[in-house]
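Numbering (the numbering used here), first residue to last: 1076 to 1384.
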Amino acid sequence: MESIIREIKSTDKKEIVKLFHSCFSTLFPISEEILERTVFESGDYCAEASFVICDAEDGKMIGCIATKVSRNQELYPDTGWITLLFIRPEYRRRGLGSTLYEKSQQVFKEKNIHKVFIGQDLHNLFSGIPSPNIENENFFRKHHFWLNPDQHYDLQGDVQQNPTLTRFDVTEFEKEFYVETMKCGYEEELLSFLEKEFLGRWEYEAQQYLSNQENFDKIVVLRKHNTEEIVGYCMLSMNEDKMAGLGPIGIGKEIRGRHVGNYILRQALLQLRTLGAIQCLIDWTVLKDFYGQFGFKPIHVYRSGYKEI
C-alpha cells in the first residue's frame, strides 16, 4: 500500500475525531471542540511536527500524530510532547506508526528538542499511554522511550449522592484549620505558597488560571486558625454537563503525615457539590486509596514515558 504524509490542516479536525473514535475505546470520548481547545489552540502546538497519513489510492486518513513543543523554557527546557499518535486498526503492524513518529522526531531534532514525553503536555488529552498493553508499550520501547514501571489512573466519583462526605469527621481538623474559597486580593499569597511548596508546573498552572479569572470559587485554600496563612490548596473545574475536575491538590510540608489532605479533599468536594457538580473526574494520579475513601474508582489507566534525544 502506498501512503501520503502531510501536515495536519484545520479542515482535518472532523476526520481526526472520527479516526480517533475508531482507534480508542468509548471510554475516551473526544469532540472537535475538545480537540481544538487542547491541541490546536494550545500555545505549544507544533504544526510543523504534526502529520496525518492517508491512503494514496483513495485519500482515506489512516493515522495521525499531533505534537507540542514547549514555549516555556524555564519550566520545560527543550521539551516536546507526543499529544496524539494512532493508526487505524486494520492498517497497523505495517510500520506506519513508526513512519509518523520518525517524521515528527526529525522536526524535533531540527528544533533542538532534547526530551520528548508521551502525553503529559499542558492541557493534555492523555497523561501517558492510554490503556497500556504489550503492543503499544513495545512500540515506544522500540523507539528508545523509558516507560514508568508503575501505572497511573483517572478516577471518577459521585459528588451529589456521596454519603462518605457526610460521615467524614472534621472535628479534630477544624480545631487547627479551616478551608475557604479563594478571595480576590490574595493571589500573591497563594503563588508564594506554591513557589515555596510546589515550584514548577503547579505554580505555573495556578498563575495562568489566576490571570484569566475574575471569580475564584473554583480554588479552595487551607488556612491555619492561629496565623491565617495558606498551608494547602486545591484547584477545581466544571463543565456545562456538571462534570467536575479536581486537582492539583497539595498541602505544605510542615503538616504532611497528619491526614490533613483528607480534610481539604472533603471540603473541596463539598464546594463542587455547592457549585452543582454531579460527577467528578480526577486525572493523572497514583493515589487510588486517598481518593477511594470518598468513593472514587479508576476509569482509565495509563503508563507514562519519555526519551532523551
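Ideal placement from N, C-alpha and C gives every residue a C-beta, glycine not left out.
Unbroken alpha helix (DSSP H) run spanning residue i, endpoints
i	result
I1109	E1107 to L1110
H1227	That residue, H1227, is in no alpha helix (DSSP H); its beta strand (DSSP E) goes H1227 to D1233.
C1098	K1088 to C1098
P1152	Careful: P1152 lies outside any alpha helix (DSSP H) and carries neither H nor E.
D1364	K1363 to G1367
L1340	V1335 to L1350
L1297	Counting along the chain, L1297 falls outside any alpha helix (DSSP H), though it belongs to the beta strand (DSSP E) covering I1294 to K1299.
Beta-carbon contacts of residue i that lie in its chain and below 6 Å, excluding the five residues immediately before and after
i	result
Y1151	S1145
S1179	A1124, I1140 and T1142
G1320	S1312 and L1356
Y1279	L1150
Sequence-distant residues of its chain with Cβ nearer than 7 Å to residue i (five each side left out)
i	result
C1129	S1078, I1079, K1135, M1136 and I1137
F1214	G1172
K1223	It is worth fixing the name first, because residue 1223 is Asn in this sequence and not Lys. Excluding positions up to five away in sequence, the list reads R1378, S1379 and G1380.
L1160	I1140, G1172, L1175 and Y1176
D1153	N1187, I1188, H1189 and K1190
Cβ distance (whole Å) where residue i is taken to contact residue j below 8 Å
i	j	result
E1264	I1305	6 Å
A1352	V1234	5 Å
T1174	T1158	Between T1158 and T1174 the Cβ distance is about 18 Å, and since that is not below 8 Å, they are no contact.
K1382	W1221	7 Å
F1183	A1122	Their Cβ separation, rounded to whole angstroms, is 13 Å, which puts F1183 and A1122 out of contact at 8 Å.
F1201	Y1377	7 Å
Q1346	T1239	Not really, about 16 Å apart at Cβ, beyond 8 Å.
E1116	K1088	In fact, because the Cβ distance is near 11 Å, the residues do not count as touching under 8 Å.
Alpha-carbon spacing of residue i relative to residue j, whole angstroms
i	j	result
N1023	Y1261	The chain is shown only over 1076 to 1384; residue 1023 falls outside these bounds and no answer can be derived.
Q1231	M1076	42 Å
V1191	I1140	14 Å
H1375	E1303	38 Å
K1328	L1311	22 Å
D1358	F1252	27 Å
T1360	F1291	24 Å
N1211	H1218	11 Å
E1090	D1229	27 Å
H1096	I1162	11 Å
A1281	L1362	21 Å
L1356	I1204	18 Å
C1098	Q1181	25 Å
F1365	Y1338	11 Å
Q1354	H1300	31 Å
Span of the beta strand (DSSP E) around residue i
i	result
R1378	K1372 to R1378
A1141	M1136 to V1144
L1321	M1318 to I1326
V1191	K1190 to I1193
S1312	I1305 to M1313
V1245	It is not in any beta strand (DSSP E) - V1245 carries neither H nor E in the DSSP assignment.
F1252	F1252 to T1256
T1174	Looking at the DSSP string, T1174 is not in any beta strand (DSSP E); the run it does join, the alpha helix (DSSP H), is L1171 to E1185.
I1330	Neither: I1330 is in no beta strand (DSSP E) and is coded neither H nor E.
CB contact check: residue i to chain C, cutoff 9 Å
i	result
F1371	The question asks about chain C, but that chain is absent: this structure has only one protein chain.
Proximal residues to residue i (C-beta, below 8 Å), its chain only, five neighbours per side dropped
i	result
R1216	L1222
Original post:
Three or more beta-carbon pairs under 8 Å between the region 1339 to 1350 and the region 1284 to 1299, yes or no?
Top reply: yes
Original post:
Pairing CB atoms from the region 1271 to 1288 with CB atoms from the region 1223 to 1240, are three or more of them under 8 Å?
Top reply: no
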